[in-house]
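Q: Mapping of the sequence shown onto the working numbering: residues 13 to 123, in sequence order.
Even for Gly, the Cβ is constructed at its ideal location relative to N, Cα and C.
Since this is a predicted model, take the numbers as computed values, not measurements.
To start, I am sharing the structure in question, which I have written as structure tokens.
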Amino acid sequence: MNWRPLISCENDSFWRGVVFRFPAKHPFEDIVDFMIIEECESPTAFKLICSSGYHSGKTELVFPAEAKHECGGVSVAWLKKNWKTWIYPESEVEAVSYVDCYPPGHGAKPN
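Laid out in structure tokens, this is it:
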């Protein structure tokens, strides 16, 4: 996978499927992934779930209205500015990497 630093991302917005990876602490594993998914009840139409380890599938954040980019999606500028406040206080935004989506077959069980 081509993980890139969030802090140097030049995109205006992110959509469903984008995954963030960053160092974490208990109750998460040492490294955790969060994924943006669609959520019709959210003011932005998106939420963030844990997509790795024991907490996989758990909602971590329903994005607030202020996180919505004017053209749709979740604002990358908002994510950078509010990472510690809204998403994960124990991790600096400089430690966060992202990928546009998991590759096909990611996590598939071997035969």
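In terms of alpha-carbon separation, which member of Cys83, Trp15, Glu78 and Glu82 lies closest to Trp98?
A: The residue with the shortest Cα to Cα distance from Trp98 is Glu78.
Q: Going by beta carbon distance, what residues of the same chain come within less than 6 Å of Glu102, once the five residues before and after it are set aside?
A: Correct list, in chain order: Lys37.
Q: Skipping 5 residues on each side, what residues in its chain have a beta carbon closer than 6 Å to that of Val108?
A: If we look at Val108 and ignore the five residues flanking it on each side, its Cβ neighbours are Leu18, Phe32 and Phe34.
Q: Could you compute how far the alpha carbon of Phe26 sits from the alpha carbon of Ser20?
A: Whole-angstrom Cα-Cα distance: 14 Å.
Q: What did DSSP end up calling Lys70 once you bin it into helix, strand or coil?
A: It is coil, neither helix nor strand.
Q: Can you list, in chain order, the residues of its chain with a C-beta nearer than 7 Å to that of Glu51? Leave out the 5 residues immediately preceding and following it.
A: So the qualifying residues of the chain are Ala57, Phe58, Lys59 and Val74.
Q: Locate the alpha helix (DSSP H) running through Lys93, then write down its first and last residues.
A: Element bounds for Lys93: Val88 to Asn94.
Q: Mind checking who Glu50 pairs with in its DSSP beta bridge?
A: The partner list for Glu50 (beta bridge, DSSP) reads Phe58.
Q: Applying the criterion that 16 or more other CB atoms from any shown protein chain within 10 Å of the CB defines a buried residue, is Lys80 buried or exposed?
A: Per the 10 Å Cβ criterion, buried.
Q: Could you have a look at Ser63 and say whether DSSP puts it in helix, strand or coil?
A: Coil at Ser63, not helix or strand.
Q: Ser68 to Lys92, Cα distance in whole Å?
A: Roughly 23 Å separates the two Cα atoms.
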